[in-house]
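Chains as they are written, first to last, in our numbering: chain A, 39 to 323; chain B, 39 to 323.
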């Protein structure tokens with residue numbers, strides 16, 4: 039009977055395990071997650087497994103990236119299930135600390151990326167990216183991976199983490215991985231499980247809207263205002279969906295663009311009840 | 039004829055040199071400085087030399103820790119002199135990047151320690167410690183030293199850096215080194231050279247005030263208000279000195295104390311013309 043892959047909960051334990059691996063010359067890949075693993079996470083683990091000798095998955099519902107009115111308490115947690123999924127996907131170690139281990143008192147240090155974090159999700163989630171940057175810095179310092187894997191679904195997070203690691207001279211390669219979708223196009227997310235059946239049925243509208251915008255760009259449309267209008271028209275087909283934002287931005291610095299030329303991100307967030315879904319698509323003229 | 043120790047100006051060069059050292063199993067000590075080296079810095083280099091196989095001194099006048107009205111432009115720079123001093127003190131490498139190398143555009147990432155940075159020097163130098171924390175994070179990530187050396191003269195900086203490295207799980211031991219003083223008690227500082235002869239003659243008042251306070255504590259005084267008054271009375275003996283602050287704080291969390299019990303810091307800053315001097319002394323009941 040398998041006892042499963044090691045699930046370590048202290049910083050000391052994971053360091054000892056990874057130091058041992060590195061001392062044998064092993065390359066280390068880190069997949070940072072908040073648990074509630076789905077096919078999107080598993081694709082990150084598989085990518086890490088293909089490129090590294092040792093894959094560590096961190097499972098930590100990071101309190102500092104949730105706002106006061108957000109869904110920290112409701113965020114799904116099931117470590118035993120996650121552990122089996124990690125093992126099946128080829129991970130070697132799980133790091134799943136308690137908040138008190140990660141934020142031992144006195145705690146007062148924060149990492150902030152300015153500029154990239156004011157728009158998109160940053161506008162409706164003040165402090166969110168400060169929490170993300172801080173915990174990712176900590177996880178990178180604890181695990182010292184050669185590569186770390188992030189999903190393109192969280193496009194702003196990916197841009198922020200890339201900027202942060204480059205600005206702070208962190209010695210890690212950030213590997214972006216494509217968004218994984220349900221058969222109807224809905225981007226995989228741990229939050230999908232909290233949608234009501236009615237909302238779940240309407241949720242693929244995000245993907246339909248993005249696909250329609252991409253088709254317009256492929257057909258020659260370069261005017262961001264036209265694309266924005268097309269996206270909103272399709273989103274309006276979902277009566278329960280409340281638009282948080284639709285933004286058309288430069289893919290690197292996330293500043294709004296009027297005219298599609300280089301790599302551009304069409305990004306959106308839509309609320310269904312108290313569940314906020316995000317998605318995005320890259321386009322270029 | 040000696041060509042002097044290597045003085046590397048790019049992040050890539052210093053990484054290659056230190057990777058080579060670490061691959062031979064060498065321990066690395068980092069002494070971060072802004073140049074204009076004096077006996078205080080040299081004592082850090084000697085301490086690093088005694089505890090590490092390879093000692094790297096960074097010389098970088100970090101623009102992000104200077105306020106708009108501060109002395110960035112006037113800060114003394116003499117790399118050739120510094121290089122000789124580093125060599126004599128036993129350093130093996132100098133890392134002296136240009137600002138454009140350290141803050142390559144687009145740059146927008148900052149590390150902040152809250153709580154410890156609001157009082158003392160933080161009050162009159164908003165943003166100063168954000169700049170210090172950010173550049174120290176970068177230097178630690180670039181050099182990945184086993185030990186890094188900081189002077190106790192900059193007591194708040196030392197407390198902030200210790201907190202930051204602990205909070206962010208940075209793998210480095212922070213080694214505090216005692217303040218080095220001129221024969222008349224004035225703490226060594228690169229800024230001392232900018233004092234007028236008249237101000238230089240008055241500047242030892244900082245040390246006399248701190249020593250008097252320490253003597254009072256040794257004689258049984260535990261009331262912070264009494265100590266504060268005694269310090270200010272002595273500082274008033276220097277007619278050109280303008281007090282920026284006198285604070286009596288807990289040595290770890292830098293919160294003001296009313297009553298001296300555990301490790302306590304008596305810290306002060308005094309301006310002579312446009313030169314701001316700081317000093318401090320640790321006491322405990």
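Ideal Cβ positions, reconstructed from N, Cα and C, are used throughout, including at glycine.
Buried versus exposed, by CB contacts within 10 Å (16 or more), residue i
i	result
residue 273 of chain B	buried
residue 221 of chain A	exposed
residue 231 of chain A	exposed
residue 166 of chain A	buried
residue 271 of chain A	exposed
residue 285 of chain B	buried
residue 42 of chain A	exposed
residue 234 of chain B	exposed
residue 292 of chain B	buried
residue 163 of chain A	buried
residue 105 of chain A	exposed
residue 322 of chain A	exposed
residue 61 of chain A	exposed
residue 193 of chain B	buried
residue 107 of chain B	exposed
residue 137 of chain B	exposed
residue 78 of chain B	buried
residue 191 of chain B	buried
residue 112 of chain A	exposed
residue 54 of chain A	exposed
residue 135 of chain B	buried
residue 256 of chain B	exposed
residue 116 of chain A	exposed
residue 156 of chain B	exposed
residue 121 of chain A	buried
Cβ distance (whole Å) where residue i is taken to contact residue j below 8 angstroms
i	j	result
residue 205 of chain A	residue 208 of chain B	16 angstroms between Cβ atoms; not a contact.
residue 86 of chain A	residue 185 of chain A	7 angstroms
residue 201 of chain A	residue 146 of chain B	7 angstroms
residue 49 of chain B	residue 139 of chain B	6 angstroms
residue 287 of chain B	residue 265 of chain B	Not quite, the Cβ-Cβ distance comes to about 12 angstroms (not below 8 angstroms), so this is no contact.
residue 56 of chain B	residue 181 of chain B	6 angstroms
residue 320 of chain B	residue 289 of chain B	6 angstroms
residue 253 of chain B	residue 297 of chain B	Not a contact, Cβ separation roughly 18 angstroms.
residue 310 of chain B	residue 268 of chain B	Their Cβ separation, rounded to whole angstroms, is 21 angstroms, which puts residue 310 of chain B and residue 268 of chain B out of contact at 8 angstroms.
residue 69 of chain A	residue 82 of chain A	5 angstroms
residue 316 of chain A	residue 124 of chain A	Rounded, the Cβ-Cβ distance is 24 angstroms, inconsistent with contact.
residue 170 of chain B	residue 195 of chain B	6 angstroms
residue 144 of chain B	residue 66 of chain B	Between residue 66 of chain B and residue 144 of chain B the Cβ distance is about 30 angstroms, and since that is not below 8 angstroms, they are no contact.
CB contact check: residue i to chain B, cutoff 8 angstroms
i	result
residue 39 of chain A	Any answer about residue 39 of chain A is weak, because its pLDDT of 43 lies below 50 and its placement is not dependable; what the coordinates show is given next. Not closer than 8 angstroms to any Cβ of chain B, the Cβ of residue 39 of chain A fails to qualify, so no.
residue 207 of chain A	yes
residue 69 of chain A	no
residue 49 of chain A	yes
residue 153 of chain A	yes
residue 150 of chain A	yes
Neighbour flag for residue i against chain A, beta carbons, 8 angstroms
i	result
residue 291 of chain B	yes
residue 158 of chain B	no
residue 316 of chain B	no
residue 201 of chain B	yes
residue 288 of chain B	no
residue 77 of chain B	no
Which of helix, strand or coil DSSP assigns to residue i
i	result
residue 186 of chain A	strand
residue 247 of chain A	helix
residue 167 of chain A	helix
residue 70 of chain A	strand
residue 327 of chain A	Outside the shown range of chain A, which is 39 to 323, sits residue 327 of chain A, and nothing can be said about it.
residue 228 of chain A	helix
residue 109 of chain B	coil
residue 137 of chain B	helix
residue 318 of chain A	strand
residue 52 of chain B	helix
residue 235 of chain B	helix
residue 131 of chain B	strand
residue 152 of chain A	coil
residue 78 of chain B	helix
residue 259 of chain A	coil
residue 309 of chain A	strand
Closer than 7 angstroms: residue i CB and nearest the ligand MN heavy atom
i	result
residue 152 of chain A	Ligands in the displayed structure: none, and consequently the ligand MN is not present.
Worksheet item: What residues from the stretch 119–148 of chain A come within 7 angstroms of chain B, judged by C-beta to C-beta, listed N to C?
Response: 144, 145, 146, 147, 148
Item to complete: Anything in the stretch 175–198 of chain A with a Cβ closer than 7 angstroms to a Cβ of chain B? List those residues in chain order, please.
Response: 175, 176, 179, 180
Fill in: Where the stretch 210–236 of chain A meets chain B: residues whose CB sits under 9 angstroms from a CB there
none
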